[in-house]
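In this note's numbering, the protein residues as written are 561 to 832. From the three backbone atoms N, C-alpha and C, an ideal C-beta is built for every residue, glycine too. Written out below as structure tokens is the structure these notes cover.
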């Protein structure tokens with residue numbers, strides 16, 4: 561897949577329309593849509609089984625949808641694997657972070673994408689340019705104010721918040737313009753969670769568009785610009801965070817507050 565070039569609508573970073581996905585008789589996504597603007601944090605919320613994980617896997621190229629369309633910066637894309645999504649500028653940070661404990665921060669940042677030496681002979685022997693990698697990693701981590709003592713420190717000795725921030729910062733170093741974060745504060749304490757939330761805000765300040773999956777509504781309203789609610793495989797509402805309360809979000813998730821799109825669950829509540 562070729563690199564995605566900017567399209568006509570420069571305000572839209574990513575748009576997924578009417579995405580469907582079935583696993584045999586099980587409908588994981590019936591009609592999921594999401595629009596992510598440039599430089600915004602979009603919260604993606606919903607109860608367990610709402611379809612959030614499946615939609616994230618489709619946007620990251622890990623799962624191929626049965627129907628619907630995806631556009632990145634106004635250009636139609638078709639992901640046949642995670643490498644296609646990466647090439648389109650989408651980086652996904654899952655809960656397990658995919659970090660190697662025995663390696664240093666800089667080694668994790670460049671894992672599988674090491675910079676080779678400029679010396680032709682050393683390049684032929686696949687010798688990496690440690691100095692260049694350390695310098696660039698240090699520059700990005702300082703720019704994002706990630707509190708890591710040294711890029712040479714082992715990941716094993718880092719706190720949960722530092723590990724999460726390192727995984728997120730890696731996306732910016734590789735020039736990603738869209739970052740998907742799957743429950744980035746799920747296993748963190750209050751202080752470490754705030755470190756991650758502050759980093760997400762700084763990503764937005766750098767023009768990066770973020771999709772944030774979270775069950776923590778209080779955290780969501782402090783960092784997100786908008787949120788999309790999913791229920792039973794459908795996107796049922798998109799609202800500005802400034803216009804709602806955490807209780808409103810919960811009401812949309814549970815169905816206590818009417819949404820723009822009805823689900824079979826809603827229609828079954830109607831009394832004739």
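What are the boundary residues of the beta strand (DSSP E) that residue 693 is part of?
Working through the chain shown from its first residue, we reach residue 693 at position 133. Premise fails: residue 693 lies in the alpha helix (DSSP H), 690-703, not in any beta strand (DSSP E).
Below 8 Å on the Cβ atoms is my guess for residue 760 versus residue 653; work out the distance and round it to an integer in Å.
Residue 760 sits at position 200 when you count from the first residue of the chain shown. Residue 653 sits at position 93 when you count from the first residue of the chain shown. Rounded, the Cβ-Cβ distance is 11 Å, inconsistent with contact.
Rounded C-alpha distance that separates residue 787 from residue 583
In the chain shown, counting from the first residue as 1, residue 787 sits at position 227. In the chain shown, counting from the first residue as 1, residue 583 sits at position 23. Those two C-alpha atoms are separated by around 27 Å.
Should residue 813 be labelled buried (16 or more other beta-carbon atoms within 10 Å of its own) or exposed?
The residue given as residue 813 occupies position 253 in the chain shown. Looking at its Cβ environment, which holds 16 or more other Cβ atoms inside 10 Å, residue 813 is buried.
What does DSSP give as the partner residues of residue 753 in its beta bridges?
Within the chain shown, residue 753 is the residue found at index 193, counting from 1. Residue 753 pairs with nothing; no bridge assigned.
In terms of DSSP beta bridges, what is residue 602 paired with?
As a working note, residue 602 is residue 42 in the chain shown. DSSP output for residue 602 lists 771, 786 as bridge partner(s).
According to the neighbour-count rule (16 or more other Cβ atoms, all chains shown, within 10 Å of its Cβ), is residue 660 buried or exposed?
Counting from one through the chain shown, the residue named residue 660 turns up at place 100. By the neighbour-count rule (16 or more Cβ atoms within 10 Å), residue 660 is not buried but exposed.
Given a threshold of 16 other Cβ atoms within 10 Å of its Cβ, counted over all protein chains shown, does residue 636 qualify as buried or as exposed?
Counting from one through the chain shown, the residue named residue 636 turns up at place 76. Classification for residue 636: exposed.
Just to confirm my understanding: we take residue 611, look at its own chain, exclude 5 residues before and 5 after, and list those with CB closer than 7 Å. What are they?
One-based indexing of the chain shown puts residue 611 at position 51. Same-chain partners within the cutoff: 588, 589, 592, 790, 793.
In whole angstroms, what separates the C-alpha of residue 604 from that of residue 702?
Counted from its first residue, the chain shown places residue 604 at position 44. Counted from its first residue, the chain shown places residue 702 at position 142. Those two C-alpha atoms are separated by around 29 Å.
Buried or exposed for residue 800, please, with buried defined as at least 16 other CB atoms from any protein chain shown within 10 angstroms of its CB.
Residue mapping note: residue 800 aligns to position 240 of the chain shown, counting from 1. The residue in question, residue 800, is exposed, as its Cβ has fewer than 16 Cβ neighbours within 10 Å.
Output needed for residue 566: all residues of its chain with C-beta closer than 7 Å, excluding positions within five of it in sequence on either side, in chain order.
Along the chain shown, read from residue 1 onward, the residue named residue 566 stands at position 6. Model confidence at residue 566 stands at a pLDDT of 42, short of 50, so the residue's coordinates are unreliable; what they give is reported in the following sentence. So the list reads 633, 634, once near-sequence residues are dropped.
Would you mind working out which of 798, 717, 809 sits nearest residue 595, comparing C-alpha positions?
Along the chain shown, one-based indexing puts residue 595 at 35. 798 is the residue among 798, 717, 809 whose C-alpha sits nearest the C-alpha of residue 595.
How about the region 732-746 and the region 612-623: do they share at least three Cβ pairs that are nearer than 8 Å?
The region 732-746 is in contact with the region 612-623.
Could you compute how far the alpha carbon of residue 684 sits from the alpha carbon of residue 804?
Numbered from its first residue, the chain shown carries residue 684 at position 124. Numbered from its first residue, the chain shown carries residue 804 at position 244. Note that residue 684 scores a pLDDT of 48, beneath 50, so its modelled location is shaky; the value from the coordinates is reported in the next line. Rounded to the nearest angstrom, the two C-alpha atoms are 58 Å apart.
Cβ shell of residue 832 (< 7 Å), same chain only, five flanking positions each side left out:
For the purposes of this step, residue 832 is identified with residue 272 of the chain shown, where counting begins at 1. With a pLDDT of 35 at residue 832, under the threshold of 50, the predicted position of this residue should be treated as unreliable, though the coordinate-derived value follows. Apart from sequence neighbours up to five positions away, no residue of its chain approaches residue 832 with a beta-carbon distance below 7 Å.
Quick check: the Cα distance between residue 802 and residue 620, rounded to an integer number of angstroms?
Position 242 of the chain shown, counting from 1, holds the residue named residue 802. Position 60 of the chain shown, counting from 1, holds the residue named residue 620. Distance between the alpha carbons of residue 802 and residue 620: 28 Å.
Exposed or buried, what is residue 745 when buried is set at 16 or more other beta-carbons lying within 10 Å of its beta-carbon?
One-based indexing of the chain shown puts residue 745 at position 185. Counting the other Cβ atoms within 10 Å of the Cβ of residue 745 gives 16 or more, which makes it buried.
Tell me whether residue 668 sits in a helix, a strand or coil according to DSSP, three-state version.
Residue numbering aside, residue 668 sits at position 108 when the chain shown is read from its first letter. In the structure shown, the three-state DSSP call for residue 668 is helix.
Is the region 710-723 in contact with the region 778-787, if contact means three or more CB pairs nearer than 8 Å?
Because the criterion of three Cβ pairs below 8 Å is not met, the region 710-723 and the region 778-787 do not touch.
By Cβ distance below 6 Å, which residues in the same chain neighbour residue 734 in space, the five residues on each side in sequence not counted?
Taking the chain shown and counting its residues from 1, one reaches residue 734 at position 174. Within the same chain, residue 734 has no close Cβ partners at all.
So, with DSSP's three-state summary, where would you put residue 629?
Taking the chain shown and counting its residues from 1, the one referred to as residue 629 is at position 69. Secondary structure of residue 629 (DSSP, three-state): strand.
Beta-carbon proximity check, residue 707 vs residue 755, cutoff 8 Å
One-based indexing of the chain shown puts residue 707 at position 147. One-based indexing of the chain shown puts residue 755 at position 195. Cβ atoms of residue 707 and residue 755: closer than 8 Å.
Identify the continuous alpha helix (DSSP H) that holds residue 795 and give its terminal residues.
Within the chain shown, the letter at position 235 stands for residue 795. Premise fails: residue 795 lies in the beta strand (DSSP E), 794-800, not in any alpha helix (DSSP H).
For residue 836, which residues from the same chain have a beta carbon less than 8 Å from its beta carbon, with the 5 sequence-adjacent residues on both sides left out?
Outside the displayed range of the chain (561 to 832) lies residue 836, so it cannot be described from this structure.
Do residue 691 and residue 625 have their CB atoms nearer than 8 Å?
As a first step, residue 691 is located in the chain shown; it is residue number 131 there, counting from the start. As a first step, residue 625 is located in the chain shown; it is residue number 65 there, counting from the start. No; because the gap between Cβ atoms is not below 8 Å, this pair is not in contact.
From residue 764 to residue 731, what does the alpha carbon distance come to, in whole angstroms?
Within the chain shown, the letter at position 204 stands for residue 764. Within the chain shown, the letter at position 171 stands for residue 731. CA-CA distance, residue 764 to residue 731, rounds to 13 Å.
Alpha carbon to alpha carbon, what distance is there between residue 628 and residue 810?
In the chain shown, the residue the question calls residue 810 occupies position 250. In the chain shown, the residue the question calls residue 628 occupies position 68. The alpha-carbon atoms of residue 810 and residue 628 are separated by roughly 27 Å.
In whole angstroms, what is the alpha-carbon distance linking residue 715 and residue 571?
Against the chain shown, residue 715 aligns to sequence position 155. Against the chain shown, residue 571 aligns to sequence position 11. Residue 715 and residue 571 have their C-alpha atoms spaced approximately 37 Å apart.
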